[in-house]
Structures are given as structure tokens and as C-alpha cells.
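Have a look at the structure below, then the notes.
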Amino acid sequence: MLLSVTLMFQNYPATASFDELVNASGKPRDGVRRVGELIARLGLAELQARQRAAEATIRALGITFTVYAQNNDIDREWPFDIIPRVIAQREWDGIARGLEQRLRALNAFIDDLYNEQRVVHAGVFPGELLASSKNYLPACRGVHPKFGVWAHICGSDLVRDRDGTVYVLEDNLRIPSGVSYMLENRAVTKRVFPELFQEQKIQPIDGYPGRLYAMLSSMAPESVPNPKVVLLTPGSYNSAYFEHCYLAQQMGVDLARGRDLLVLADDCVYMKTIAGLVRVHVIYRRVDDAFLDPEVFEPNSLLGTPGLMRAWKSGKVALVNAPGAGVADDKLVYSYVPELISYYLGEKPILPNVETFRLVDDRQRRHVLENLTEFVVKPVNESGGYGVVVGSAATPLELSRCREAITVNPRNFVAQPIVALSTAPTLCGAGVEPRHLDLRPFVLSGESSYVTRGGLTRVALRKGSLVVNSSQGGGSKDTWIVCDD
Amino acid sequence: MERAQALARAIQAVERLSLDLPSKHSPGLASLLALAGKGDARATDVSQAQALQALALDADDASSVLGALRAARENLRHARVAAPPELWVALNNQYLLLKDASQQPASRVLDVLGSVLEAGSRIKGVVESNMARDAAHSFLNIGIELERADMLLRVLRALLPMMTANGWERTFDDVRWSGLLQALGVHSMYRQRHHHQSELSTLLDFVSVDSSSPRSVSYCMRLVEDELCQLPRSGPVSAAVTVATSSAFVLAHSAPAAVLEDIDSTLNALAAVHQALANCYFPELEAVVPPNSEQPGAVAPEPPDPFAYLEREHAELEAALRLLDELASRAGRAEPVEKADLQAIVAYLTDYGELGHHEKEEAILAPKLIEHGFDWYEGPLPAMRREHRHEHMYISELAQLARHRSAWSAEDTRRFAADASGLTHFVRAHMERERRDLFERASLSLSDQTKHLLMQAFIDFDARQQKDLAPAKSRMAALIQHYADRSVAEG
């Protein structure tokens, strides 16, 4: 067995980054050693054959993501690498606690912002940042969602730096996506690696749709025995439409578009069915705030339903995530999360933030502008990797434009030192090579909370690239939480 | 998928014909281009390869096999949540198989077209064994049957010209006949039923109304009707299905010179069923389900009673039933029955009874009751719908008798007496059950305000229907008067 491990990883290039599976000596790390050995035992040819089998499965199952730019066949097959990313159970338990802690604090923060704003009065969070926040929705003021939860579903992006420390890179609190790919990755891996599942204690993840449904049901505003839950989708041209269908199917709930719903004068939401109107109690909405209700937000929106905000504010329907939760999704707010944890929970943060420079601060801005090639500059309200400039990889023109954009509107950007992002063995053409990756676990929050066992590992398939987003050439891996050896 | 199968079957049959017929007498794939809406069936300047490309591999045109599969796949992508996952896998695999084959030689494409037929059967099996019996299942089956009937007639229309050979070409009649049956997908069923008869009239009967052929238009319409029974307020669609079935009967007895015209009429009738479905269930949903606009505190001045309104309609229908009793008694006494009178009664029961009264009950009353806690699947509402369908069957029987071109035989008269009597007994019992099990309970369950809204919806509905219902109502009034006068004259 040792020979096979040696053969598999003997040419595995060492990089300056932390590798999730292989240590500096070219051997599987403690805690995930057995999985490393089992993969090595399969050998390269067998791995390649199974990669082809996985790709055929993905094609047959139609696991896709949508790309707006392509007119024909807008759904693209999901790029997937069969070598799993492995995390030891003991380490994961700490990460999960940190994620729960973080979401508790963020929900307390959002609830506070839309009500008393104690955090502003206490000087912990600057009022001017709130005043200039694009995602703060005055229409949500004074609302008290059930259990005080605004962000019911959160997808936080985690990265691991050179020294092995896991950091939170950002929190996605508006409409985090990717959980269906996490589940499908596992389904594909189980098909192509059944023997590894027999020989390893790998934490199952299949229970997520059930947990999600239970959380959604629990948010029903009245004590109805069987609340009607629907998933509101912008439609089949949305990049996450596959996920919308997948989750609706897995939960056994209806998939609705805005025009399928109706809010009547009683402020209740109804779904139009061929048998008449059916009352809806919970909406898992995958439509952005701005398009949710043309009566309140974008008046020309065809994606939402007129009156939805009225129904939500009068407590007749639950919206998940709640409108306005995105106020905490601002990357500038992210930089305050450690203080928020301390302020609301009186606890020390379990998971650290990546050091973040607030460019509204003159001194910090000056430092960043003088050393731009050492930073990643991010727009505070974008997601999916759009608008991110990696200083070390940017052209002079890109750097110049970035500098100008920061100068014109510093509130719109934050900067972070370039995190080396850990790597993991990835099947690349002729061999196994290290590729950078991150991890998006999902946290559900209702009366209680739940963290997925693992999450969606996104991997930059291009050598040396740090961009893991599927819309920009990234792929994914199954994530295994395994019991320590 | 049904369209892809029908096209694939026709392409394969025509390809096989080209092996047996001298090339200049072979219809060639170009003969099918009209079927796919791609030009004249007699086009001679299109090569086999070009025709195959257009009929089988044009991914951007849903009239080609690949295009139809792609459209089906895209539809399923939109409706994935309502379908079993296995359905997606089966359809997706077939689409990818043909898409990949499109880069291969023609022989490979023809092989893969064979697999389209198998995939269709597999998909039907998946639907039957793995899909919940809900409205989605009903709509899927209705779509399959409509497309099946439609494509059968289109293939027939495209290939009929090749059957008009004369002179020495008639040597190949058997080959052509077999090819046509294979293209229609009825070869072995037809042989079992009619052996080697090769009469156009027999074929027309077989594809139009034969009750043993699952591809005949009337058979498909019967299945559509069965599915409609599972859906609410399907009255207008049922009416369109009745017209399509009647059209198929006309086609079955079509004179040779009128065949193409009658095929077109039946295709139009099938299109009307599709349109009725769209109107009934999709774009008009908001219009037929009046939104609840109840305002707290707004009290209607005088509580209206929509149930009294419906019972008044029952009373009006009762007058027509009495007349039908009268005709049935006359038939029982072997006295002549005027078919025109029966036609007037049937028209009244269809227009006023089904499209007016039943539609109000199913499209306005039932949704409102569901909003107020009535069950769609159990209790008086499904009973009401079932009985409406049953009543429709009786009326259809009488309509057929009324349309007889020749004089009634003794058997026809006996059937009329039995059906008329059956209908009147059934409808009276149904009306009594509605009054007792539905109206009384509903009246207790609804607030005065809701009843007021219901009443208003009935009145609005009748105002919209008034013009269409007026002829049947006035004919019925005249007929009642006529028989009253006659009864007086006869002492």
C-alpha cells in the first residue's frame, strides 16, 4: 500500500499552499490518511476511467448550470473532479460551531438594524455605513420575523491559508446557491467510488432537503398542520434554475414563478392551481429583493408578485430568506463580524475573518492603493466572483481601472491580502496535480440551527488560478467529513 | 417525444420503401417534408441527405426528430419538478444519442432513429410506473394522445399521394400499402383486423374510429376524455373533444375526393382541443377564478342566494327532461320521433346544461368551495364532477342518434328510448344529490358576503354566455310550446 501511495504522489508538485490531502513529505496527512491511501491504491488509470464514468453520469443525469451568454443549450454540464476533498471530523466539528455562532450573530445584527439599531447607538457599527448600504431596505423596518431569524439559509465561503488556518472569506446571506451541487456531487461520487464508501466512515449529507423542508415548515406564520411551502424561482433562464428544480423536487414542494402567486385583499398569498386558489404559508424565494414585489421595489419586475411585502409584513406569509437580510451580506459588514459576535453573543469568534481593509478609511485606502498588487479587491455587494480584481494577476490596465474605481467610490470596495488558498489533488489531463479550492458549507437557521456535513468544494481547474466560481471556469469536488484514523 | 417517434417511424418506413420500389417511383424522404412543414411533398430538387437532415437532424426546428426531442427536453427541464427523475434520464439520453449521431453517416442516423421508438416506449413506461397520478400526469397523457392523433393524420396526409399510382406501377401496391401502414405505426394491428384488405375506406375507418386501435383518433379522444374527468371544470375541453370525435367519424366515411379536406378538418378540430385546454387551464386562470375581494365590514344589503339560482337552472333543465321523456314515450309506443327535435334537446342540454350550468358549478362554485375547505378529491365535489361526465356520455349517445343520416332502425329507436330514459332518471337523481349533499352544505359554509360574490360571478358568467346560449334556449322554448300545443290537440 505504501508503494502505491508513493507512486501516486511521488510526482505531486509541492506548492507554497497548504495541501488538504498530501503533506510536505508527499504522504497523506494525519486524520485523512486512509482516504489518501485508498485513492492512491486505485492508481491513475483507474481514476481516469472513473472520471470518465462520472462525466457520463453527470451528462445523463443532466446536472447542469446555466450560462446567460449562451443562446443555445443554455445549461452547461457541471464540471466535477472525482478526487474528493477530505476533512477530518474533529476539525469539522469546530468549523460547524463557528459557522453557527456567526449566523446567530448576523441574525441578531439584522434584526437590530431593522428595529432598535442598538449596535449603531453603541458605536459598534458606524451609522454612515448603514446609511450608504445598498442592501438596507427601509421597507423592512419594524418587522419581527419568527424566531428573530432573517437569514434562514447562509452559505459562508471558507478558505485555508498556508499555515492551515481556516478563515471565513465571505458570508452569502441573500440567496446562497450551490447546495444542490453538493448533493449531486455526493450522488455521483457514490456511483463511481462505492468501495471507498464501504471502507470509510464518511458523514452522509443526504438529509439536507429534509432539514430544509422542516426549517421552512417551521417558519409558517400560523399553526397550520400542513403548511403550504413553495419555492419561488425567477424561471428557467436563471443561473441556478437547476438547483431550484432539484430542491423543489427533493422537498416535494411546488416550484412557482411570480405570476403563479397572487396576494389578495386579505393580505394572504395564494397559488393559482387548476383547482382554484391555494393558500401559501411559506415561500422559499430565490428571487432577489429588488424584484420580489413590484409594489414596493422595482416596479417593472415581472419576476415577483405584487403585494408580497404586504403579506410578509402583516405576518400572513414567511419569506425565506427574509427581505433585507442582504444588509449583512455587504463585504464591508463582513469586516465587522468579529465585533458583532462579541457585541451580540458576548463570545469570542471561533472562526477568524480574513484581514479586510475598509477603503472608506483614508489610511487603509492609501495603503491598499500603494500596494495594490498584494491585494484582492472586491465590490462589497457582488457575488459569484464578479468584479473581483486579484492584484497579482491583473494587467496594468485592470489595476489602473481598479484604482480609479476605488478612488471614485471607496464605499463600494474592500481589499483583502491575497490568501494562498489551500490545494487538493485534482485529476488534470495526464496526472494528479494540486489545484486551489475553497469550501461553501450551508447553515440553516430557524428555531434551531443545522450545518451541512461538509459543503460545496469549489476548485479552480486552471493551474495556479485562484478563481473557483463555476461561472468563471471553476469546477467542484465532493467534500468528505471522515472520522479520524 | 410522441412527435419524434411518429417522424422517426415515418422516415424509417419511407427509407425501407426506397429499397423495394424503383427509385423514380419511390416517394422518397422529400415526401415527408410537408409533414414537417418544410415545403411541398412533391419537391424533387431535395436530395435524400438534405431531406434526412431537415426531417431528422435540424435541432432548431421542433418539426424534426432532433428538434422535437430537444423541445421535449427543454419542456421537461422547465417541468422537471413535476416529473420523475427517470423520465429526465431517459429523454436526455435519447436526445444526446441522436445529437451525437448527427455527426455520423446517414446509416448511423437511421439506426438511432430506431432507438427513438424504443425510447418513446421506455418513457411511457416510466410515466406509467413512476409518476404520481395528479394533474401533471393527466396533462402529460392528454398531450401524448393529442399529438399521437395529430401526427397520425399528418403522416397519412403526407403519404396518401403515393397511393394514387396507376398503370404498371400498381405492381407495387402491396409494397406501398405495407409502407404506409408501417409509417402510420399500425401495420400489425391493421393486419390482425383486416388482413390484406387494401381499401382506403377500410384504412380510414381504422385510423379514425376503430375502437381496437390505440392510434385511432376516436380512441385517442376517448383517453383524453378519461383524463379530463380527473381535471376540474373541463366542460369546454370536453365539448371540443366531442367535436374532434365527430370529425373523426366524418373522416371515416369520407368520399375519396374529400379525404384530404376531411383530414384537415379533423386536424383543425384537434387544434381546437389544444386551444380549449390552453384557454381553460392556463392563460384564463385569473378570469375564471374570480379573486376574493371581500372587504372586512362591507355587508351586502340583502343576502343573495347563488344556490337558489342554481336550483332555478335545475328547474329549467327539468323542463327539457320532461320533453325528452315525452319523446322516449313516443318511441316506446313505436310512434315516430323527429330527429330535429332530439337535436334541439341535445343542443340545449349541451349548451345550457353543460357549457352553462355545469361550467358555473365546476369553474366558479367548486374553486370557491375549495377555498373554504371543501375537498377536491373526496366528498360531494368529485361526485358532482363524475356525474357530470356520466351525463355527458348519455348526451353524446343521444347526439349520435340525432345525427344519423338515414332513418332509425328498430334497434336505433330502442336505443333512443333506453338512453333518453336513462338520462332523465340519472339527471334527476344527480340534481337531487347536488341539492342535498352539496348546495345545502355549501350554503351553511359560506358567509353572506361570499355568497354575494358567488352570485355576482354567476351573473357575470351568464352575461358573457348570453349570446351563445340564446339560440338553444329559444329553440327549446319553442319546442316546449310546440309539444304543449300538440298535447292539447291530441287531447
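Protein chains in written order, with the working numbering: chain A, 1 to 485; chain B, 1 to 491. Here a beta-carbon is modelled for each residue, glycine too, at the ideal position from N, C-alpha and C. Note that the structure is a prediction, hence the values are computed from the model and not measured.
From the beta-carbon of I480 (chain B), no residue of chain A is found nearer than 7 angstroms; the closest lies around 36 angstroms away.
For V116 (chain B), the enclosing alpha helix (DSSP H) stretches over residues A106 to N130. Secondary structure of F297 (chain A) (DSSP, three-state): coil. Near chain A, meaning a CB-to-CB distance below 7 angstroms, the residues of the segment 76 to 108 of chain B are R77, H78, R80, V81, W88, V89, N92, N93 and L96. Here R386 (chain B) is exposed: its Cβ has fewer than 16 other Cβ atoms, across all protein chains shown, within 10 Å. Taking the beta carbon of S236 (chain A) as reference, the chain B residues within 9 angstroms of it are E74, R77 and H78, listed in sequence order. Using a CB distance cut-off of 9 angstroms, E371 (chain B) counts as an interface residue toward chain A. Sequence-distant Cβ neighbours of K331 (chain A) in its own chain, meaning closer than 7 angstroms and more than five residues away, are E170, K378, V380 and V414. Runs of the alpha helix (DSSP H) lying entirely within the segment 390 to 437 of chain A and spanning at least 4 residues, in chain order: 396 to 408.
Within the same chain, Cβ atoms closer than 6 angstroms to the Cβ of L97 (chain B) are found at V112, the five residues on either side in sequence being excluded. Put simply, of A:R59, A:D157, A:I58 and A:P126 the residue whose alpha carbon is nearest the alpha carbon of L351 (chain A) is A:D157.
When Cβ-Cβ separations below 9 angstroms define contact, L398 (chain B) makes no contact with chain A. Segment contact: the segment 220 to 238 of chain A against the segment 280 to 297 of chain A, three or more CB-CB distances shorter than 8 angstroms; contact assigned. DSSP places V320 (chain A) inside the beta strand (DSSP E), whose first and last residues are A318 to V320.
According to the DSSP secondary-structure assignment, P28 (chain A) is paired through a beta bridge with A:V22.
Contact annotation for G210 (chain A) against chain B: no contact, minimum CB-CB distance about 17 angstroms [criterion: below 8 angstroms].
Of all residues in the segment 131 to 162 of chain B, the ones placed with a Cβ closer than 7 angstroms to any Cβ belonging to chain A are A135, in chain order. Nearest in C-alpha terms to V467 (chain A), of all of A:P434, A:C428, A:S448 and A:L421, is A:L421.
Selection B:A442, B:N93 and B:D61 evaluated against A308 (chain B) yields B:A442 as nearest (Cα-Cα). Sixteen is the threshold: when 16 or more other Cβ atoms of the shown chains lie within 10 Å of the Cβ of V126 (chain B), as they do, the residue is buried. In this structure, the CA atom of N268 (chain B) is about 23 angstroms from the CA atom of C229 (chain B). Boundaries of the beta strand (DSSP E) harbouring P84 (chain A): F80 to A88, taken from the DSSP string. Around the beta carbon of Y237 (chain A), a 10 Å sphere encloses fewer than 16 other beta carbons of the protein chains shown; the residue is thus reported as exposed. Within the DSSP bridge table, the entry for E397 (chain B) names no partner. Contact between the segment 366 to 375 of chain B and the segment 210 to 224 of chain B is absent, with fewer than three C-beta pairs closer than 8 angstroms. With the rule of 3 Cβ pairs closer than 8 angstroms, the segment 12 to 29 of chain A counts as touching the segment 81 to 96 of chain A. Contacts between L47 (chain A) and chain B, judged by CB atoms closer than 9 angstroms, are missing: the closest CB pair is about 24 angstroms apart. Linking A101 (chain B) to V109 (chain B) through their CA atoms gives a straight-line distance of about 6 angstroms. Using a Cβ distance threshold of 9 angstroms, F125 (chain A) and F147 (chain A) do not count as a contacting pair.
Following the DSSP letters along the chain, one finds Y114 (chain A) in no alpha helix (DSSP H), marked with neither H nor E. Of all residues in the segment 228 to 239 of chain B, only L231 and P232 come within less than 7 angstroms of chain A when Cβ atoms are compared, listed by chain position. Closest in alpha carbon position to V390 (chain A), among A:D267, A:L262 and A:V419, is A:V419. In this structure, the straight-line span from the alpha carbon of T273 (chain A) to that of D254 (chain A) is close to 11 angstroms. Counting the other CB atoms within 10 Å of its CB gives H78 (chain B) a total below 16, which places it among the exposed residues. Shown here, L423 (chain B) sits in a helix according to DSSP, grouped into three states.
For V253 (chain A), the secondary structure class from DSSP, reduced to helix, strand or coil, is coil.
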